[in-house]
Each structure stands twice: as C-alpha cells, then as structure tokens.
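Colleague: My questions will all concern the structure given below.
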Amino acid sequence: MYKLLKKSFLFFDSTDKKSLTILLFLYVLVGLIEIFGIASIVPFVGLLTDPEYFNNNEYVMVFKNYFSLQSNELLMVSGFILIGIFVLSNILNALVLWKTLEFGTNHSYKTSLIILEKYLKQPYKFFVNADISSLKKNILDESIRLAESIFLPMLHILSRVILLTFISILLISVNTQAFIYSLLIIGIMYLLIFVVIKNMLKKYGDIRLSANDKRFKTVNDCLNSIKDIKFYNAEKKYLTSYSQSSNIFLWLTAKKTLISTLPRYFIEIIAFGGFFSIILYLTYGSNDISTSLPTIALFILAAYRILPSMQQIFAYSSSIKFHIPALDLISKVIKLSDNASTGIEPIDSREEVIIFDNVSFSYDSNKTILNNVSFKLNNPGITAIIGSTGAGKTTLIDLLLGLYKPTTGLIKIRKLLSAHSLDKEISYVPQNISFVDDSIINNIAFGIDESLIDNGRVTDSLKAVKLDHHISTLPDGLLSEIGENGVKFSGGQLQRLGIARALYFNPQILVLDEATNALDIKTEEEILLSLKNNNPNLIIILITHRTSALKLSDNILHLSKGSLKMMDINNKDLSIEKLLKDTVYNN
C-alpha cells in the first residue's frame, strides 16, 4: 500500500493535494452525517415501541415540555428529524460524488498531458527506438485508466473506510460483542478472498497491458499501411491479429469485473445468516423483545450501509490490483528525465556559419558511422552531400539538426543575426515529409498559432516553390485541406509544400534531404536556382543522387565509409558523372 501511495503521489501537484484535502474534509462530514442518520433510528424505534421511552432522559423531557409535545407528536418530530438527516446525507453524497468525479476527470486530462509533454521532451533517439503505437496508447488510453481504475477507486475506498470507521465506533459503543461478531463474519471473509485472488488480478493485469499494446499496434500498422494491405490482400492477417488481442483484452476486463463482484453474493448469504444470529443473540433471555428492537434496528440500518461499503472496497481494491501494471508503466514515463540538449554550440561569428570539428558518431560501441569529420561552411550557395547507401549522409544531417549528439567532437552553428521571432537557424525538408490533416496555411506555418501566422510569408514561400498559382485555383485557396499525410496532393506538390514550410521560417541554413526527388528535373532546377538566386545569404545543404542537381552546387561533400572529403565544383578535373558512378559502385 505504501508503494502504491508513493507512486500515486508522483501524479499529484500542489493543486491536486489541495483538492484531496477538501475531498477528505467532505468525506469526514458525510461520514458524520451518515452516523447521525443511523443513530437516529434508535430513538425513533424506541418511541415507536414504547411511548415512555424518553421519560428518563432529562434533555428530551425539557424539549418535550417546552414545546408541549405529546408522545405521538414527539414520535413525529423524531421521524421528521430522521428523514431530514437522510435527505441531507444523500444530497451531500451526490455533491461528494460529483467533486470526486471532477477530480478524477481533471486528473485524467492532466496525466495524459504530462505523458505527452514528457515524451516531447525526450531526445530524437528515444523515438527511433520506441514503439510509437505504444506511446499513443499510454497517452490516450492508459492515462484514462489510471484515473478511472486507480485514482478514483482510491478516493472511493478512502470515503468508504471513513464511513465504516464511524459506523464501527457507533456499534462498539452500543454493543461491542455484536460488532466483533459482525466484523468476523464480513471483514475476514472479504480479506481472505482478496488475499486469494490478488496475485491472479496482478497476472491478468499484466496480460491485459500486453494485449492492449498489441491491439493498438495492430490498428496503427493497419491504418499506416492501408495501400499495401489493399494491394496484397492482407486484410485477413490484420483482422485476425486485432481479433485475438482485442478478445484477450476484453475477456480479461470482464473477468476482473466478475472477480470483483462475485464474492458479494456469497458473502450476502453469510451476512444474512449472521445478522439473524445477532438478532437471536440480542433477544436471547429477554421476555420483552421490544427492549431490543432499537438496537436491532440500529444493526439492520448499519448493515444496510456496511455491506455495500465493504463490497465497494473489495471491488475498488480489485480494480487497483488489476491495473497496477499500468501504474508501474506510467510511473516510469513520469520519471523520464527532460533532455532537450542538442549537442550544438552557438557561435558569434560573421564568417563561419557551420563548423564540424573532428566529429565522430556511433549508434552503439560496435559500429562507427562518422569518423573524425571536419568541415566549415561560410559562403552562401548550395553544398551537396553524396555517398552510397549507409555512408552516413542522413546521420550527418541529423547531427547538424541537433537530433543526435556527437560521440566525440564539436558542432557549432552561428547564432541568428535576425531578431524576428519566426526566424530559425536551420530549416529541414526530409524525403518523406510529415503533414497534418489541416489546411495548407497551417501546414506551411507549422506549429504557429493561427492568429500569429504571417500571410505574406506564406505567399512568398509558395511563390518560391512555384506552387502559388495552383493553390489560387483551389476553391478554398490557402484554407484548402490537404488530407491525412497530404493524400489530396501529388508527391511533387507535397515536396514543394515541404520546402515552402522550410522557407516560411526564413532560415540561414536550408537542409534538403532528397527533398526534390519527386520533381521532374526541370522543376527541380527551377526551384533550386530560385532558392539560390533569391536568397543571397542562404546556405543550402542538399542530399541528392541526381547529376543535374549536383551541377548546380558550389561544393560537394563526399562521404565514404564514415570519412568526408570536400570538393570544389569549379575544379576542371572533377567529373560529376564519374563521381556519382564511383559513389554507387566503389563504396
């Protein structure tokens, strides 16, 4: 229990703790009112069976004489007080339930937000190694389950325990032996059953978590590969995979519900017999049963509260035990360190823009991708990077973008000379560009609040990639939706939209990683020349395998087996065609 509370408090901030304090106060208040309601049955039944029941109570007699009440009138007053207490108790119970659910809902929202924030603060390498469908599941599903199946049950258990504590104090003060007998009948039975099933619930919880992972992964893979699934007629495989994992997930959830509910029916039978035994015990040896009726009524009414509360505690405890694996998983996410460091040092310089100083990099200790790479870029223009597959081109770009830290060596990039809030040091256009299912303007001004978007920049960016005319012919213009992953546009149009997005942020360095390979040679040449001629201070780094693009370059960085060699495009002895041929066949 201590470990459970310790992990749970990882998710509570100062505001949550204040809310918990208020809830605790409300639980105590409701418990006290419930006790007054239960206790008030004694005088009511006493008056009902014996009109002279209060004759020996001086306080009641003063009240009775002051208002000149007859015994039957006193009975009515007692009845109205009893009804009033129960009405007030139920109103407060409804209020407390609402405040508890409000806390749980807010906490579910905050937990999912915290998980997403934690993931976003992780380095790029974290996502390369992660199962993205599992991350989605944790954000969208497990965060809700924490609130619904752990945090809310803990609060409900707390409220029930407080109520049972007050009822226990009342029953002990009335008849200690009868209370102990009741406790032995009900409490020990629930405790024994829970001890027997707790390991089973934990095991089922682990399997549920794994099945939930698999069903999210299957759906994610299915929707991301829909074209291939249709082409290869692979629907059956994915339907079978989802059916199996979903069936396991839902049946385990049903089993948990059954396990947490079933003991109630068994224990109610025992409790029913037990309370009859208590009644016999209270009336044993008494010639006048009416003297025992108030106490019997008290125990019956207390049982009306005790049995549901005990069952709720058992059911909530079962839910918590079943979902402990989810709590363990999300606790590890919450403990992830925030790591936004890029491994790039800013430099104040009007000469060098990019410096790689003896940079080496390896994904693990066994394989070096880049080995002591050094170069400087200071002149605007196009620098092409070439090399065979696996030579380290994309890794070099990832290091430049700050997505990875170099294993050894230094990377330095000049600070922005512009003070405009939208300007960036580097913009990047990958071969496969990510688009959101939103408007053209929101995809170009990516991540910018709509109220802050500079429409002039958007228009200029589209002109630079020669896409402005096409977009002007669309019915909704810049507000046209591009569809999921840009499905409403061609591959070449999407690449130009990606370049327009990069230009929107007015970078001093523009990285194009095979970002023009879907364009025809003429369009590619027009766009590259436009970028070069209309942005005199822009350094363009281009990964390409096209001879036509290389001929537009000012420098070539040739990567081979992790080592780099810079070549001057103006060197008369340099043959672009031969260089590309050697890159393909001799690496």
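First residue of the sequence shown? That's 738 in the working numbering, and the numbers climb one at a time after it.
Quick reminder that beta carbons are idealized off the backbone N, C-alpha and C, glycines included.
#1: Leaving out the 5 sequence neighbours to the left and right, which residues in its chain are closer than 6 Å to Pro-780 when beta-carbon positions are compared?
#2: When the Cα atoms are used, what is the spatial distance from Leu-747 to Ser-1054?
#3: If we ignore side chains and look at the alpha-carbon of each, how far apart do Ser-871 and Lys-1161 end up?
#4: Grouping DSSP H, G and I as helix and E and B as strand, with all else coil, what is Lys-1161?
#5: How is Glu-1251 classed by DSSP in three states: helix, strand or coil?
#6: Gln-1068 by DSSP, collapsed to three states: which one?
#7: May I ask you to report which of helix, strand or coil DSSP gives Asp-1075?
#8: Check each candidate in Ile-775, Thr-837, Val-833 and name the one with the smallest Cα separation from Ile-720.
#9: If distances are taken between C-alpha atoms only, which option among Leu-832, Ser-777, Leu-825 comes closest to Met-813?
#10: Where do the ends of the beta strand (DSSP E) carrying His-1282 lie?
#11: Run the CB neighbour count on Lys-1331, radius 10 Å, all protein chains shown included, and call it buried at 16 or more, exposed below.
#12: Quick check: the region 1194-1204 against the region 1219-1227, are at least 3 beta-carbon pairs closer than 8 Å?
#13: So, are the CB atoms of Pro-1244 and Ile-1163 less than 9 Å apart?
#14: In chain order, which alpha helix (DSSP H) runs of at least 4 residues are fully inside the region 1118-1193?
#15: Looking only at C-alpha atoms, which of Leu-1133, Lys-1113, Gln-1168, Leu-1107 sits nearest to Gly-1299?
#16: Specify, as a first and last residue, the run of the beta strand (DSSP E) that His-1295 falls within.
#17: Starting from Phe-863, trace the alpha helix (DSSP H) both ways and give me its first and last residue.
#18: Give the C-beta separation of Phe-903 and Gly-768 to the nearest angstrom, bearing in mind that I take them to be a contact with Cβ-Cβ under 8 Å.
#19: Of all the options Asp-1075, Leu-1268, His-1295, which has the alpha carbon lying nearest to the alpha carbon of Phe-863?
#20: Let me know the secondary structure DSSP gives Pro-1273 once reduced to three states.
#21: Just to confirm, is the Cβ distance from Ile-1043 to Ile-887 under 9 Å?
#22: In the DSSP assignment, the beta strand (DSSP E) including Ile-1091 goes from what residue to what residue?
#23: For Lys-836, which option in Phe-762, Pro-1045, Tyr-1165 has the closest C-alpha, if you only look at C-alpha atoms?
#24: Given a cut-off of 9 Å, decide if Arg-1233 and Leu-1204 are closer than it, judged by their beta-carbon atoms.
#25: Just grab the DSSP bridge partners of Met-1304 for me.
#26: Relative to the C-alpha of Leu-1296, which candidate in Leu-1215, Thr-1126, Asn-875 has its C-alpha closest?
#27: Judging by CA-CA distance, which residue of Met-1304, Leu-1301, Glu-1263 is the nearest neighbour of Ala-1286?
#28: Distance, Cα to Cα, Val-765 vs Asn-875?
#29: Take the Cβ of Glu-972 as the centre, count every other Cβ of all protein chains shown within 10 Å, and call the residue buried at 16 or more, exposed below.
#30: For the beta strand (DSSP E) that contains Thr-1210, what are its first and last residues?
#31: Please determine if the region 1253-1262 and the region 1173-1188 are in contact, where contact requires at least 3 C-beta pairs separated by less than 8 Å.
#32: May I ask you to verify whether the region 903-914 touches the region 979-990, counting CB pairs closer than 8 Å and requiring at least 3?
#33: Output the boundary residues of the alpha helix (DSSP H) element that contains Ser-910.
#34: When burial is assigned at 16 or more other CB atoms within 10 Å of the CB, is Asp-1135 buried or exposed?
#35: Nearest-angstrom Cα distance between Gly-1229 and Lys-1130?
#36: Which word fits Ile-754, buried or exposed, when buried means at least 16 other C-beta atoms lie within 10 angstroms of its C-beta?
Modeller: On the basis of the data shown:
#1: As a working mapping, residue 780 is identified with position 43 in the sequence shown. Ser-815.
#2: Start at 1 with the first residue of the sequence shown, and residue 747 comes out as number 10. Start at 1 with the first residue of the sequence shown, and residue 1054 comes out as number 317. Looking at the two C-alpha atoms, the distance is approximately 20 Å.
#3: One-based indexing of the sequence shown puts residue 871 at position 134. One-based indexing of the sequence shown puts residue 1161 at position 424. Cα to Cα, the separation comes out at about 32 Å.
#4: Here residue 1161 is taken as the residue at index 424 of the sequence shown, counted from 1. Coil at Lys-1161, not helix or strand.
#5: Taking the first residue of the sequence shown as position 1, residue 1251 is located at position 514. Correct three-state label for Glu-1251: coil.
#6: Against the sequence shown, residue 1068 aligns to sequence position 331. Correcting the residue type first, residue 1068 is Ser in the shown sequence and not Gln. Ser-1068 falls in the helix class under three-state DSSP.
#7: Taking the first residue of the sequence shown as position 1, residue 1075 is located at position 338. Looking at Asp-1075 - three-state DSSP - the assignment turns out to be coil, as it is neither helix nor strand.
#8: Limits of the chain in this structure are 738 at one end and 1324 at the other, which puts residue 720 out of reach.
#9: Taking the first residue of the sequence shown as 1, we reach residue 813 at position 76. Considering only alpha carbons, the answer is Ser-777.
#10: The count along the sequence shown starts at 1 and reaches residue 1282 at position 545. Taken as a continuous stretch (DSSP letters only), His-1282 belongs to no beta strand (DSSP E), as it is neither H nor E.
#11: Only positions 738 to 1324 of the chain appear in this structure, which leaves residue 1331 out of reach.
#12: no
#13: For this step, residue 1244 is matched to residue 507 along the sequence shown. For this step, residue 1163 is matched to residue 426 along the sequence shown. The answer is yes: Cβ separation under 9 Å.
#14: 1130-1137, 1177-1181
#15: Numbered from its first residue, the sequence shown carries residue 1299 at position 562. Nearest option by C-alpha distance: Leu-1107.
#16: Taking the sequence shown and counting its residues from 1, the one referred to as residue 1295 is at position 558. It spans 1292-1297 - the beta strand (DSSP E) in which His-1295 sits, taken as one unbroken run.
#17: To locate residue 863, count along the sequence shown from 1; it is residue 126. Its alpha helix (DSSP H) spans residues 861-866.
#18: For the purposes of this step, residue 903 is taken as the residue at position 166 of the sequence shown. For the purposes of this step, residue 768 is taken as the residue at position 31 of the sequence shown. About 5 Å separates the two Cβ atoms, so the contact holds.
#19: Residue mapping note: residue 863 aligns to position 126 of the sequence shown, counting from 1. When each option's Cα is compared against that of Phe-863, the closest is Asp-1075.
#20: Residue numbering aside, residue 1273 sits at position 536 when the sequence shown is read from its first letter. Here Pro-1273 sits in coil by DSSP.
#21: The residue labelled residue 1043 in the question sits at position 306 within the sequence shown. The residue labelled residue 887 in the question sits at position 150 within the sequence shown. Taking 9 Å as the Cβ cut-off, Ile-1043 and Ile-887 do not qualify as a contacting pair.
#22: In the sequence shown, counting from the first residue as 1, residue 1091 sits at position 354. Start and end: 1091-1101.
#23: For this step, residue 836 is matched to residue 99 along the sequence shown. Nearest option by C-alpha distance: Phe-762.
#24: For the purposes of this step, residue 1204 is taken as the residue at position 467 of the sequence shown. For the purposes of this step, residue 1233 is taken as the residue at position 496 of the sequence shown. In this structure, Arg-1233 lies closer than 9 Å to Leu-1204 by Cβ.
#25: If you number the sequence shown from 1, residue 1304 lands on position 567. Paired residue(s): Ile-1293.
#26: What you label residue 1296 is simply residue 559 of the sequence shown in a count that begins at 1. Nearest option by C-alpha distance: Thr-1126.
#27: The sequence position of residue 1286 within the sequence shown is 549, counting from 1. When each option's Cα is compared against that of Ala-1286, the closest is Glu-1263.
#28: Stepping through the sequence shown from its first residue, residue 765 is reached at position 28. Stepping through the sequence shown from its first residue, residue 875 is reached at position 138. Answer to the nearest angstrom: the Cα atoms are 35 Å apart.
#29: Along the sequence shown, one-based indexing puts residue 972 at 235. Glu-972 should be labelled exposed.
#30: Here the question's residue 1210 lines up with position 473 in the sequence shown. For Thr-1210, no beta strand (DSSP E) encloses it, and the DSSP letter there is neither H nor E.
#31: no
#32: no
#33: Working through the sequence shown from its first residue, we reach residue 910 at position 173. Start and end: 889-911.
#34: As a position in the sequence shown, residue 1135 is number 398, starting the count at 1. Answer is buried; the Cβ neighbour count reaches 16.
#35: Within the sequence shown, numbered from 1, the residue matching residue 1229 stands at position 492. Within the sequence shown, numbered from 1, the residue matching residue 1130 stands at position 393. C-alpha separation (whole angstroms): 22 Å.
#36: In the sequence shown, residue 754 corresponds to position 17, counting from 1. Per the sequence shown, the amino acid found at residue 754 is Lys instead of Ile. Exposed: under 16 other Cβ atoms inside 10 Å.
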